[in-house]
Amino acid sequence: MNQKLDFDLIEKRAKRRERVGKAALYAFLVFWGLIVLFPFYWMVLTSVKSYSTYNAEYIPKFFTLKPTFQNYFDAFSTVNLAGYFGNTLIFTLVTTALMIIVITLAAFAFARLEFKGKNLVFTGFLALMMIPTELVVITNFQTITNWGLRNTFTGLILPSVTSVFYIYLLKENFEQVPDELYKAAKVDGTSDFKYLLKVLIPITRPTLVTIIILKVIECWNSYVWPRLITDDEAYFLVSNGIQEIRENGFGRENIPAMMAAVVVISLPLIILFLFFHDKIMEGVSRGGTKG
Amino acid sequence: MEKNNLKGWLYLLPAIAFLGFFLVYPLVDVFIYSFEEGYNSASQTFFGHGWYNYSYVLHDTYFLQAVKNTIILVAVTVPLSTGIALLISLALSSIKPLKELFQTVYFLPYVTNTLAVGLVFMILFKKTAYSDGMINVLIQLFGGKSVDFIDGPYWAKMFVLCFYTIWIVMPFKILILTSALASVDQTYYNAARVDGTSKFRIFYKITLPMISPMIFYLVITGFIGAFKAYSDAVALFGTDLNAAGMNTMVGYIYDMLYGNSGGFPSYASAAAIILFVIVLSITCINLSISRDKIHY
Amino acid sequence: MKIVLEHLTKRYPSRDRKRKEEVIAVNDFTFEIPDGKLIGLLGPSGCGKSTTLNLISGLEKPTEGKIYFGEDDVTNLPPENRGVGLVFQNYALYPHLTAYENIIFPLQNLKGEEKLSKEEMEERAMKVAKMVQIERLMERKPGQMSGGQQQRVAIARALVKTPNVLLLDEPLSNLDARLRLQTREEIKRIQQETKVTTIFVTHDQEEAMSISDMIVVMKEGAVQQIGKPQEVYDVPENLFVAKFLGTPPINVFEASVKNETLYIGSEAVLRVGGVADQDVWCAIRPEGFIPDENGPLTCGMIAVEVMGRDTSVVCTHDLCEAVQIRTIISAENKIDASKKTIRFSLKPYKTYIFAKGSEERIDFT
């Protein structure tokens, strides 16, 4: 009989412990969610506060009753936000497109073609993965300067159109496509290039899309190289633009307008993320780092 | 056969050309630069070869400040971010409803522009004549004294930098750790539960050893990443990091190369190689430790 | 310890969210497991036998019904308080711990008064290690052991805390054929030595029959028959049980009963006293056939396979469910394989009839 009471107690205790634990878990997760989301909320909130309202709040308010879009007009009219935006778009598209071509060709050569010295070159490529950008950026800066390519798209784009890592990733993927398909294509008299275009690329499209998305994110956020290579505002990308706005833009104190610019700059990637978050997260866990 | 050889190289040509120009050649060149004393950017001449560039960099107070900042940043953010990410991932993997929503939200900082969101952090932490700033209002609410985190004392600036860095690197770590946790076979937990193993012991004796390869991976990439910190500092304190006393080693390299104090590629090269050697040796130490600790 | 399952039912919400239907994994399972016996839970995959095991271990909670260990209701007790030893199908040995560390793992969990000293732990670990004969493997990690050795370590880990009941989930399925025979004898021996009530789950009828004191045949969550292996084999309650047990499998014919006589086609094969006229399933064990030149059942000859002690005659019949009929007869019978047909008479106690609709057994005299 005693034993039975004991059992009831154990059951009850186990249940209670579980409930308290769950509540604490969720509280913790929500807390971190707030830390993550709060800056975004603050950025949007501040961007719709009028200049005078913002500066009148010695203690900032957590909401606003009179949202205004004036800051967004200011962001586009006072500084060259549209220009930065356009530059970044061109830079991102061209870089990504060129890179996809270069790495697809290289990955195909490594995965499918037989030629002398292939293994040696591939080992060499793998070794290159370990070189940090910081080490090579100095000479690249000198090279581009000597070639007179400062403040040009060519200068911005050239050094970032290859990625050893993506070549490696793609090669691995190409190799997973069964040999038989290649042999079948050969028997049918398909050329190598046509096989790449008509068979390999469609089959490995998910990986290509992942690579494209990761590269787009990288391009959109790139800051260091553009900063070194451009000092003409006409060629600024968004990251440099935002830094410019911060230092010389609306006059130092027009923070709402600055936040409007920040919202505009952040929006494209956030939209991309909302649509592709599964793909992005999967791609990053397969081999992205915050570079 | 001859034709096939040619074709292979043809497909590789663009990649080899780009890598050769922008990765291999610069790699060799940076060593040469670092030994060329008194290099003049304009005339592209130099006096001679030697260790002077290294000696200059190592005696430069700005560089020493940058090294100090970087090391503090690494020492604070790598363990903290990995630890918190582990806690969050553990929490995430023990819930079912809303799990995906949380995961997606937590990943958001990964896709944001470091410079842009850094600006938001700056206004959150900054104290101006007009306003104490959001964070200071919170501090005062809990009875603390307000501090200017952006232009104020060193520790406050360091705090913001670390905080922002952790905020930025968290998504990657949470993602990696949640997938590592998800890949642990559920029957191990069942086995442990039947044996009456306490939650803490399950974590310490089963979960942790099982995901230890991933933790080490995160620690190693975390070290490398934190040693290369730069844009986060620029975002918070502006481009003149030396003046703010918040420069990082990478920042020092870029400042030497370009900008107001720029035009010294030799010093930049020497600093870059010093950084590279530090990162390389720390990675090697990490790897050898992990080889001792991970075995099954 | 005696284990009692009372109307045990487990329902899962359907995977498909649009449908409201529930999946019934275990349906109204009632059974009293006597103390110290070895019980085999037998059924095809997906019949709910693993779920039953999880319910007993406490890893899952039943939707309805009760579970008693001895006199205690443990239905809602968390697994750690039940004192069960569980051996998983893939063994679930911790890969980073040695065999010894794996075995003492449950002991290290004990708290308060039950806490053991290092020496006591070692003593108990060595005792079970000896029983399962792995004393010399104690410093190895699971990766350095064969499947059979891992299996033994897993059993040792389950036994070391002297559980009230030992549960084995498909314990032999990851072993190769030779090892399987050896290991099942081993399990029987260990069970008899420890006298711990043991329940094991398997889809292999031979495995269950060979070592269990009692077997439980399950189908789609419902218990079909419980009994001693030989009883269940000799007196199957329904067509499913008859078909599931026995290798080669039982031969099923479409048949009918007229005037207390069993007809397969037009041939009157057996007297079945006390059975009303109806269409039935007639099932005959392979060893139920007697070659008899004047026998009532005529089959088309396919082949004669001589296997030493026994001879297997493979033949066909239009009304047989399967393409081939496989019979086992003593090798002393000389069969002429060149003949087109062969005639059999039937052993009444190896022949069963089942109702067409319910598939329940119909007794006859």
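Chains as they are written, first to last, in the working numbering: chain A, 1090 to 1380; chain B, 999 to 1294; chain C, 483 to 847.
Beta carbons: idealized from backbone N, C-alpha and C, even for Gly.
Values in this document were obtained by computation on a predicted structure and should not be read as measured data.
*Helix, strand or coil: which one does DSSP assign to Val795(C)?*
For Val795(C), the secondary structure class from DSSP, reduced to helix, strand or coil, is strand.
*If you run the structure through DSSP and keep just helix, strand and coil, what is Ile1302(A)?*
If DSSP states are grouped into helix, strand and coil, Ile1302(A) belongs with the helices.
_I'd like to know if the segment 633–647 of chain C and the segment 661–681 of chain C are in contact, where contact means that at least 3 CB-CB pairs between them fall below 8 Å._
Contact between the segment 633–647 of chain C and the segment 661–681 of chain C is present, because at least three Cβ pairs lie under 8 Å.
_Other residues of its chain near Phe1105(B): CB distance less than 8 Å, five sequence neighbours each side excluded_ = Excluding sequence neighbours, Phe1105(B) sits near Pro1169, Ile1172, Leu1173.
*In chain order, which beta strand (DSSP E) runs of at least 3 residues are fully inside the segment 640–725 of chain C?*
Runs found: 647–651, 679–684, 696–701, 704–709.
_With 16 other Cβ atoms within 10 Å as the buried cut-off, status of Gln1332(A)_ = So Gln1332(A) counts as buried.
*Gln1101(B) - DSSP class collapsed to helix/strand/coil*: Helix.
_Gly1244(A) to Thr1142(A) span [Cα, whole Å]_ = The alpha-carbon atoms of Gly1244(A) and Thr1142(A) are separated by roughly 43 Å.
*Which bits of chain C does Tyr1186(B) rub up against, with CB to CB less than 8 Å?*
Ordered by position in chain C, the residues that pass the 8 Å Cβ test against Tyr1186(B) are Ala574, Tyr576.
*Given that a residue counts as buried once 16 or more other Cβ atoms are within 10 Å of its Cβ, and exposed if not, what is Cys764(C)?*
So Cys764(C) ends up on the buried side.
*Show which residues of chain B have a CB atom less than 8 Å away from the CB atom of Glu562(C).*
Within chain B, the residues near Glu562(C) are Arg1191, Val1192, Asp1193, Gly1194, Thr1195.
*For Cys1282(B), the nearest candidate out of Leu1179(B), Ser1177(B), Thr1219(B), Trp1165(B) (CA to CA)*: Among Leu1179(B), Ser1177(B), Thr1219(B), Trp1165(B), the Cα nearest to that of Cys1282(B) belongs to Thr1219(B).
*Leaving out five residues on either side along the sequence, give the residues of the same chain with a beta carbon under 7 Å from the beta carbon of Glu688(C).*
Residues of the same chain with a CB within less than 7 Å of the CB of Glu688(C), apart from the 5 flanking positions on each side, are Thr729 in chain order.
*Based on Cα-Cα distance, which residue from Gly625(C), Met783(C), Val714(C) lies nearest to Leu727(C)?*
Of Gly625(C), Met783(C), Val714(C), the residue nearest in Cα terms is Val714(C).
*In whole angstroms, what separates the C-alpha of Phe1117(A) from that of Phe1100(B)?*
Cα to Cα, the separation comes out at about 11 Å.
*Cα separation between Lys1205(A) and Leu1011(B)?*
Linking Lys1205(A) to Leu1011(B) through their CA atoms gives a straight-line distance of about 14 Å.
*asked:* Suppose you measure from the CA of Pro495(C) to the CA of Gly530(C); what does that come to, to the nearest Å?
replied: About 15 Å.
*Is it the case that the Cβ atoms of Val751(C) and Ile835(C) are separated by a distance below 7 Å?*
For Val751(C) and Ile835(C), no; Cβs fall outside 7 Å.
_Close Cβ partners of Ser1374(A) (< 6 Å) along its chain, the five nearest in sequence each way excluded_ = If we look at Ser1374(A) and ignore the five residues flanking it on each side, it has no Cβ neighbours.
*Tell me, to the nearest whole angstrom, how far the beta carbon of Pro544(C) is from that of Thr491(C); I am working on the premise that it is less than 8 Å.*
Yes, they are in contact, since the Cβ atoms of Pro544(C) and Thr491(C) sit about 6 Å apart, within 8 Å.
*Which residues in the same chain as Asn741(C) place their Cβ atom closer than 8 Å to its Cβ, once the five residues preceding and following it in sequence are excluded?*
Non-local C-beta neighbours of Asn741(C) in its own chain, meaning closer than 8 Å and more than five positions away in sequence, comprise Asp759, ordered along the chain.
*DSSP state of His946(B) mapped onto helix, strand, coil*: The shown model of chain B, from 999 to 1294, leaves out residue 946(B), and the question about it has no answer.
*Within the 7 Å Cβ cut-off, does Asn1051(B) reach chain A?*
No Cβ of chain A is located within less than 7 Å of the beta carbon of Asn1051(B).
*Determine which residues of the segment 1099–1112 of chain A have a Cβ less than 7 Å from any Cβ of chain C, and write them out in chain order.*
Flagged, chain order: Ile1099, Glu1100, Ala1103.
*Is the shortest distance between the beta-carbon of Met999(B) and the beta-carbons of chain C less than 7 Å?*
Only weak support exists for where Met999(B) lies, its pLDDT of 44 falling under 50; the coordinates are left without a value.
*In chain order, what residues of the same chain lie with their CB nearer than 6 Å to the CB of Tyr550(C), ignoring the 5 residues before and after it?*
Excluding sequence neighbours, Tyr550(C) sits near Val486.
*asked:* Cutting at 7 Å between CB atoms, please list the residues of its own chain near Glu769(C), excluding the five before and the five after it.
replied: The residues are Ile810, Lys832.
*Output, in chain order, the set of chain C residues within a Cβ distance shorter than 9 Å of Phe1096(A).*
Under the 9 Å cutoff, chain C gives Asp554, Asp555, Val556, Asn558, Leu559, Asn563.
_Counting only beta-carbon separations shorter than 7 Å, does Pro1211(B) have a partner in chain C?_
Not one chain C Cβ lies under 7 Å of Pro1211(B).
*asked:* List, from N- to C-terminal side, the alpha helix (DSSP H) runs of 4 residues or more that fit wholly inside the segment 1237–1308 of chain A.
replied: Whole alpha helix (DSSP H) segments, 4+ residues: 1242–1246, 1253–1265, 1268–1276, 1281–1284.
*Exposed or buried, Thr823(C), counting other C-beta atoms within 10 Å across all chains shown (16 or more means buried)?*
In summary, Thr823(C) is exposed, with fewer than 16 beta-carbon neighbours lying within 10 Å of its beta-carbon over all protein chains present.
_For Ser827(C), tell me which candidate among Arg660(C), Glu814(C), Leu779(C), Leu520(C) has the shortest Cα-Cα distance._
Among Arg660(C), Glu814(C), Leu779(C), Leu520(C), the Cα nearest to that of Ser827(C) belongs to Leu779(C).
*Hey, could you find the ends of the beta strand (DSSP E) Met783(C) is sitting in?*
Taken as a continuous stretch (DSSP letters only), the beta strand (DSSP E) holding Met783(C) covers 779–789.
_I'd like to know whether the C-beta atoms of Asp1230(B) and Tyr1186(B) end up nearer to each other than 7 Å._
Contact: no.
*With a Cβ-Cβ cutoff of 7 Å, do Phe1211(A) and Phe1230(A) count as a contact?*
No, the Cβ-Cβ distance between Phe1211(A) and Phe1230(A) is not below 7 Å.
*First and last residue of the uninterrupted beta strand (DSSP E) at Ser760(C)*: It is Gln, not Ser, that sits at residue 760(C) in the sequence shown. Residue range 760–766 is occupied by the beta strand (DSSP E) that includes Gln760(C).
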